[in-house]
Amino acid sequence: MTKIIFLGTNGWYDTDTGNTICILIDSPLFTIILDAGNGIAKLDRYADFNKPAYLFLSHFHLDHIAGLHTICKCKFQHGLYICGQQGIANILNNILEAPFTIPAKDLPFDLQFIELPQQSDLIPFSVDSLPLLHASLTMGYRFEIDNSVITFCGDTGFCDNAVRLAHKADLLITECAFRQGQENINWPHLNPETAAKIAKESMSKRLLLVHFDAEIYKTIEERQLAQEVARKIFPDTIATVDDMTIDI
Numbered sequence: 018m019t020k021i022i023f024l025g026t027n028g029w030y031d032t033d034t035g036n037t038i039c040i041l042i043d044s045p046l047f048t049i050i051l052d053a054g055n056g057i058a059k060l061d062r063y064a065d066f067n068k069p070a071y072l073f074l075s076h077f078h079l080d081h082i083a084g085l086h087t088i089c090k091c092k093f094q095h096g097l098y099i100c101g102q103q104g105i106a107n108i109l110n111n112i113l114e115a116p117f118t119i120p121a122k123d124l125p126f127d128l129q130f131i132e133l134p135q136q137s138d139l140i141p142f143s144v145d146s147l148p149l150l151h152a153s154l155t156m157g158y159r160f161e162i163d164n165s166v167i168t169f170c171g172d173t174g175f176c177d178n179a180v181r182l183a184h185k186a187d188l189l190i191t192e193c194a195f196r197q198g199q200e201n202i203n204w205p206h207l208n209p210e211t212a213a214k215i216a217k218e219s220m221s222k223r224l225l226l227v228h229f230d231a232e233i234y235k236t237i238e239e240r241q242l243a244q245e246v247a248r249k250i251f252p253d254t255i256a257t258v259d260d261m262t263i264d265i
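Just so you know, the sequence shown maps onto residues 18 to 265 in my numbering.
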């Protein structure tokens, strides 16, 4: 059985409601991590480091990579592959370096970078990637794991590529930074309605909302209101919280 564990569900910054975004897909054969916000510091509580590990980054805004400075405590027995858009090695080698953190070359495990989609053949399971709609280049991902399809759309506005990636997905994980009715064409994000619209148009089976903007969603109760709004369009919707586990 594959488990989805939400290590961080906030967008922008940490609050009492949670850490910034990080999601663990714990499959029988692989450890798959989605984004590296501060929630990734909890990885050693849940992950099996004896399995090959792959970290997929949607983009490089700090709330999605700030937790990288904590991976030095992880004991990846097969190393760690960090996967993302073209140029990922050059960008992260500038961040995983003194004086910011322990340099990549000094980590206690082997670290390699995989550029997508060009090097997708280096990944031992099926993954498709497409650019989404955001203020900077952001990648969405579609995984086929253990006869299930899991789609992850990080920061994005409503776009055709999100619908394509989520086509008949067993599980669609999307951001929900905005509240009902909110939008900003200069800083695209989803609200409950547009997230649910992606799920409905893609004929996904389940929708999980994540990446709640910490300045907009100040309480868990406000997330529950977003869940209610989304359910009017797509009934099988769950607003996630830190440490929530979903079986698939």
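Note that the Cβ used here is the ideal one computed from N, Cα and C, for glycine as well.
Since the structure is predicted, the reported quantities are computational estimates derived from the model, not experimental observations.
Checking the DSSP bridge columns, you'll see lysine 20 partnered with Asp43, Asp264. The three-state secondary structure of alanine 179, taken from DSSP, is helix. Looking at the DSSP output, cysteine 100 bridges to Phe73, Ile131.
His86 is the residue among Asp65, His86, Cys176, Asn67 whose C-alpha sits nearest the C-alpha of proline 116. Considering only Ser75, Ile108, Leu128, Ala106, the residue with the shortest C-alpha distance to cysteine 91 is Leu128.
In this structure threonine 155 touches leucine 149 by the C-beta definition: roughly 5 Å separates them, less than 8 Å. Serine 219: member of the alpha helix (DSSP H) spanning 209-219, first to last residue. Beta-carbon to beta-carbon, leucine 225 and phenylalanine 251 are separated by about 11 Å, too far to satisfy the 8 Å threshold. The Cβ atoms of glycine 157 and leucine 182 sit closer than 9 Å to each other. In terms of CA proximity to tyrosine 98, Ser137 leads the group Ala213, Asp61, Leu242, Ser137.
Assignment of arginine 248 by DSSP, reduced to helix, strand and coil, places it in the helix class.
Leucine 51 is bridged by DSSP to Ile40, Phe73. A straight line joining the alpha-carbon of isoleucine 112 with that of glutamine 102 spans about 16 Å. Boundaries of the beta strand (DSSP E) around aspartate 145: 143-148. Within a 10 Å sphere around the beta-carbon of arginine 62 sit fewer than 16 other beta-carbons, which makes this residue exposed. By the neighbour-count criterion, in which 16 or more other beta carbons inside 10 Å mark a residue as buried, leucine 79 falls on the exposed side. In terms of CA proximity to phenylalanine 23, Ile40 leads the group Ile40, Thr118, Asn36. Inter-residue distance for phenylalanine 93 and glycine 198 is about 43 Å (C-alpha atoms, whole angstroms). The DSSP-derived three-state label of aspartate 65 is coil. The beta carbon of phenylalanine 66 sits closer than 6 Å to those of Lys92, Phe93, Gln94, all from its chain and outside the five residues before and after it, given in chain order. Residues Leu189, Leu224, Phe251 of the same chain have their beta carbon placed closer than 6 Å to that of alanine 216, with the five preceding and five following residues left out of the count. Threonine 34 and cysteine 193 have their C-alpha atoms some 14 Å from each other. Secondary structure of asparagine 111 (DSSP, three-state): helix. A direct Cα-Cα distance of roughly 37 Å separates cysteine 176 from proline 120.
The residue from Asp43, Gly25, Phe77 with its alpha-carbon nearest to that of lysine 59 is Gly25. C-alpha of isoleucine 255 to C-alpha of valine 180: approximately 18 Å in a straight line.
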